[in-house]
Amino acid sequence: MSTEPNRLRVVIGSDDAGRHYKDELADDLRASELVAEVIDVGIDVPSRAGYPGIALAAAQIIADGRADRALLVCHTGLGMAIAANKVKGIRAVTAHDSLSVRAAVCSNNAQVLALGQGIIGLGLARRLAAEWLTHRFDSHSSAAVKVEAISAFEHHGPAAPAARGER
98 MSTEPNRLRV VIGSDDAGRH YKDELADDLR ASELVAEVID VGIDVPSRAG
148 YPGIALAAAQ IIADGRADRA LLVCHTGLGM AIAANKVKGI RAVTAHDSLS
198 VRAAVCSNNA QVLALGQGII GLGLARRLAA EWLTHRFDSH SSAAVKVEAI
248 SAFEHHGPAA PAARGER
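Letter 53 of the sequence shown, counting from 1, is numbered 150 in this note's numbering, and no numbers are missing.
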């Protein structure tokens, strides 16, 4: 996790469709007392096309342990989340309301939040990003067993079916 207690290292990135929000949200992150470091992967990753490259680069930084979370912005947030989820160990979501942002972290231990500049207003995006910073996953919660099941599947594939007493 983070190098400083309760302070997060956050990667931020966008494609062209999310550039305006990314720039505003990056400023907010840098001003936040909950953020230790902001790593801006910008809007263009060389040798990769559009949002997949940005999302994959941001997710890999988390997977490598160089950051705790990523905030990604594209037109809907969907493509960014899909691409980020391709990196082993990463759980990325698209969320456009407070309940989903909270559940993403507290129930699903998602490290990546993707927002859609074409879906929500800047004020809401800023509010959701600020709320997102306040949430922490409790590795002793009932949700932890479910997150562990997802991680186990990702690393080892499906578990062998339980014996059913069949002959």
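In this text, a Cβ means the ideal position worked out from N, Cα and C, and glycines have one as well.
> Between the Cα of Ala207 and the Cα atoms of Val184, Leu122 and Gly215, which residue gives the shortest distance?
Replying inline: The residue given as residue 207 occupies position 110 in the sequence shown. Taking Ala207 as reference, the option from Val184, Leu122 and Gly215 with the minimal CA-CA separation is Val184.
>> Residues in the same chain with beta-carbon distance under 8 Å from Leu131, minus the five sequence neighbours each way, listed in chain order, please.
In response: Within the sequence shown, residue 131 is the residue found at index 34, counting from 1. Cβ within range, chain order: Asn103, Arg104, Leu105, Leu230 and Thr231.
>> What would DSSP say about Glu121, mapped onto helix, strand or coil?
In response: Taking the sequence shown and counting its residues from 1, one reaches residue 121 at position 24. Glu121 falls in the helix class under three-state DSSP.
> For the candidate residues Leu225, Leu221, Gly215 and Arg199, whose alpha-carbon lies nearest to that of Asp113?
Replying inline: Residue mapping note: residue 113 aligns to position 16 of the sequence shown, counting from 1. Among Leu225, Leu221, Gly215 and Arg199, the Cα nearest to that of Asp113 is on Gly215.
>> Bridge partners for Gly139 per DSSP, in chain order?
In response: The count along the sequence shown starts at 1 and reaches residue 139 at position 42. The partner list for Gly139 (beta bridge, DSSP) reads Gly110.
>> Could you pull the DSSP bridge partners for Leu169 from this structure?
In response: On the sequence shown, residue 169 is found 72 positions in, with the first residue counted as 1. Bridge partners of Leu169: Gly110 and Ala211.
>> Using a Cβ-Cβ cutoff of less than 8 Å, which residues in the same chain neighbour Val198 once the five nearest sequence positions on both sides are dropped?
In response: Counting from 1 along the sequence shown, the entry for residue 198 is found at position 101. The answer, listed in chain order, is Ala192, Leu210, Leu225, Glu228, Trp229 and His232.
> Relative to the C-alpha of Ile158, which residue among Ala240, Glu134, Asp124 and Lys119 is closest?
Replying inline: By 1-based counting over the sequence shown, the position of residue 158 is 61. Selection Ala240, Glu134, Asp124 and Lys119 evaluated against Ile158 yields Glu134 as nearest (Cα-Cα).
> From which residue to which residue does the beta strand (DSSP E) around Ala189 run?
Replying inline: For the purposes of this step, residue 189 is taken as the residue at position 92 of the sequence shown. Here the beta strand (DSSP E) through Ala189 covers Ala189 to Thr191.
> Whose CA, out of Gly162, Tyr148 and Leu169, lies closest to the CA of Ala123?
Replying inline: Within the sequence shown, residue 123 is the residue found at index 26, counting from 1. Nearest option by C-alpha distance: Leu169.
> Which stretch, first to last residue, makes up the alpha helix (DSSP H) that contains Glu228?
Replying inline: Within the sequence shown, the letter at position 131 stands for residue 228. Boundaries of the alpha helix (DSSP H) harbouring Glu228: Leu219 to Thr231, taken from the DSSP string.
> In whole angstroms, what is the alpha-carbon distance linking Gly115 and His253?
Replying inline: On the sequence shown, residue 115 is found 18 positions in, with the first residue counted as 1. On the sequence shown, residue 253 is found 156 positions in, with the first residue counted as 1. Looking at the backbone, the Cα of Gly115 and that of His253 are separated by about 35 Å.
> If you count every other CB in all the chains shown that lies within 10 Å of the CB of Asp235, and 16 or more means buried, which is it?
Replying inline: Here residue 235 refers to the residue found at position 138 of the sequence shown. By the 16-neighbour rule on beta-carbons within 10 angstroms, Asp235 is exposed.
> Quick one: what's got a C-beta closer than 6 Å to Leu126's C-beta in the same chain, skipping five residues either side?
Replying inline: Looking up residue 126 in the sequence shown gives position 29. Excluding sequence neighbours, Leu126 sits near Val107, Val132 and Val135.
>> Using 8 Å as the threshold, is the C-beta distance between Ala222 and Ala181 below it?
In response: Taking the first residue of the sequence shown as 1, we reach residue 222 at position 125. Taking the first residue of the sequence shown as 1, we reach residue 181 at position 84. For Ala222 and Ala181, no; Cβs fall outside 8 Å.
> Would DSSP call Leu153 helix, strand or coil?
Replying inline: Looking up residue 153 in the sequence shown gives position 56. Leu153 carries a helical assignment under DSSP once its states are collapsed to helix, strand and coil.
> For Lys243, which of Cys203, Ala160 and Gly213 has the nearest alpha-carbon?
Replying inline: Sequence index remark: in the sequence shown, residue 243 carries index 146 (1-based). Closest by alpha carbon: Cys203.
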